[in-house]
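Student:
Protein chains: 2
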Amino acid sequence: MSKIAEPELLNRLTQVFRTHGYEGASLSRISKATGLQRASLYHRFPGGKAEMAEAVLKRAGEWLQAHALQPLTESGPPERRLRQMAEKLDEFYEGGRQSCLLDALSFGVEQGAIRDHQRAAMKTWVDAIATMLRESGLSGRTAQERAEDAVIRIQGSLVMARATGDQMPFRRTLRNLPQELLRKPEPARA
Amino acid sequence: MSKIAEPELLNRLTQVFRTHGYEGASLSRISKATGLQRASLYHRFPGGKAEMAEAVLKRAGEWLQAHALQPLTESGPPERRLRQMAEKLDEFYEGGRQSCLLDALSFGVEQGAIRDHQRAAMKTWVDAIATMLRESGLSGRTAQERAEDAVIRIQGSLVMARATGDQMPFRRTLRNLPQELLRKPEPARA
DNA sequence: GTCTATAGCTTGATAGAC
DNA sequence: GTCTATCAAGCTATAGAC
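Line order of the protein sequences matches chains A and B.
Numbering (our numbering) for the first sequence: 19 to 208.
Numbering (our numbering) for the second sequence: 19 to 208.
#1: Just to confirm, does residue 73 (chain B) get its C-beta within under 7 Å of one of the non-hydrogen atoms of the ligand MN?
#2: Of all the alpha helix (DSSP H) runs that stay within the bounds of the stretch 118-160 of chain B, which reach a length of 4 or more residues?
#3: On a CA-only basis, which of B:177, B:43, B:147 is nearest residue 121 (chain B)? Give me that one, please.
#4: Below 8 Å, how does it come out for the stretch 102-121 of chain B and the stretch 175-194 of chain B: are there three or more Cβ pairs, yes or no?
#5: Check residue 96 (chain A) in the structure and name its three-state DSSP category.
#6: Which stretch, first to last residue, makes up the alpha helix (DSSP H) that contains residue 52 (chain B)?
#7: Please state whether DSSP places residue 23 (chain A) in a helix, a strand or coil.
#8: Let's see if you can read the secondary structure: which residues bound the alpha helix (DSSP H) around residue 79 (chain A)?
#9: Helix, strand or coil: which one does DSSP assign to residue 111 (chain B)?
#10: Buried or exposed: where does residue 167 (chain A) fall if 16 or more other Cβ atoms within 10 Å of its Cβ makes it buried?
#11: Can you list, in chain order, the residues of its chain whose CB lies under 6 Å from that of residue 106 (chain A), leaving out five sequence neighbours each side?
#12: Going straight from the alpha carbon of residue 97 (chain B) to that of residue 185 (chain B), what length do you get?
#13: Going along chain A in order, which residues have a C-beta closer than 8 Å to the C-beta of residue 125 (chain B)?
#14: Would you say residue 187 (chain B) reaches chain A, if we count a Cβ-Cβ gap shorter than 8 Å as a contact?
#15: Between B:151, B:182, B:158, which lies nearest to residue 201 (chain B) when the distance is taken from Cα to Cα?
#16: Which one of B:90, B:22, B:174 has the shortest CA to CA distance from residue 142 (chain B)?
#17: Using a Cβ-Cβ distance cut-off of 8 Å, determine whether residue 181 (chain B) contacts chain A.
#18: Under 8 Å by Cβ, that's how I've got residue 119 (chain A) and residue 36 (chain A) pegged, so tell me the actual separation to the nearest angstrom.
#19: Rounding to the nearest angstrom, what Cα-Cα distance links residue 57 (chain A) and residue 33 (chain A) in this structure?
#20: Is any beta-carbon of chain A found at less than 8 Å from that of residue 174 (chain B)?
#21: Look up residue 190 (chain A) in the DSSP assignment and say whether it is helix, strand or coil.
#22: Apart from the five residues just before and just after residue 144 (chain B), which ones in its own chain have a Cβ nearer than 6 Å to its Cβ?
#23: Starting from residue 56 (chain B), trace the alpha helix (DSSP H) both ways and give me its first and last residue.
#24: Pair every Cβ in the stretch 62-76 of chain B with every Cβ in the stretch 128-137 of chain B, then say whether three or more of these pairs are closer than 8 Å.
Right under this line is the structure:
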């Protein structure tokens, strides 16, 4: 009878996929984490595990867009906007304790809707930062490369945090991000 | 009768773990990739999949040490040594087409020997770069942070390459690494 | 909308022949 | 050292009661 609220259900699903990856996110684990039996999960997600992963990716993308990327489009000093993004990312990844779904779901997933969604999410993220950097006066190419660098550093520091159990590199990366992205471009070397 | 050579066996095992992660590396897939039946695999690795993963990690660590990190300790200009490391990493990760085991095996693996091995490997890698940067005149703290940054960027660019299918960010990261690591430290801002 | 029960396949792992 | 055959447990997914 009582229906578990969708947001909380997705939160718990997200947690499982982040921690165990796609193949490791068995229905047993999902069932235990959500408190729903297998059949109930299939009622909510007729497409099974793949649909659950898609829903989780979709929701994460929406959260990131609404909370981390949206501030980039607002007014105010560029550095401040980037700090707001960093703040939200720190929250999203729980200071480095949580993995990124774009990484966790990149193993053991055949090409299909999930992979398409991942690719699009990565592009959206990079584009949002690049657009903002261009508006701050950087050239198109520099903006694009630095935006990619930003996402690369975030992803890499999450990998390192997971491998070492140390959150410091992730937090330092977030802290330094605004200055690194906005620093004056150096002229090409001889 | 005929025994498959250990190096080639480990090559194929590595390939499977890199592509599918730990849980996705099923014995069926491993069997198909190596041409050995389940029972034969258990003859080589009595500890089963966990022992295979450990062997693969051990070998990858040795390769990295011998080919990518060892040049850092040799004589010659620091930038040249770093370029040699980058060259070997490009080879190791096949220009970004291959994942890092430290990432692939960080999902769905409980704490134990594999995790210990990962943590140690990450530390060895960072330390080798940091030592080299200190010898090049950077302060201990700057050297440590930049070494962490280097590994972070490599890992992150591999994640991005996998998510987008584009190798360019990975190659650019490797190309810029030497200059980024050796650049003159900026004085702290007001 | 949730449940129990179950189908059918795949998993990691083992026994024993050659 | 490799194989075939097999096991119990796990897996995803479904049927049908409430």
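Think of the CB as a built atom: it goes at the ideal place given N, C-alpha and C, for glycine as much as any other residue.
Tutor: In short, the structure shows the following:
#1: The ligand MN is not part of the structure shown, which contains no ligands of any sort.
#2: 119-122, 131-153
#3: B:177
#4: yes
#5: helix
#6: 45-52
#7: coil
#8: 67-81
#9: coil
#10: buried
#11: 85, 86
#12: 23 Å
#13: 37, 38, 39, 42, 117, 122, 125
#14: yes
#15: B:151
#16: B:90
#17: yes
#18: 6 Å
#19: 20 Å
#20: yes
#21: helix
#22: 165, 166, 169
#23: 56-62
#24: yes
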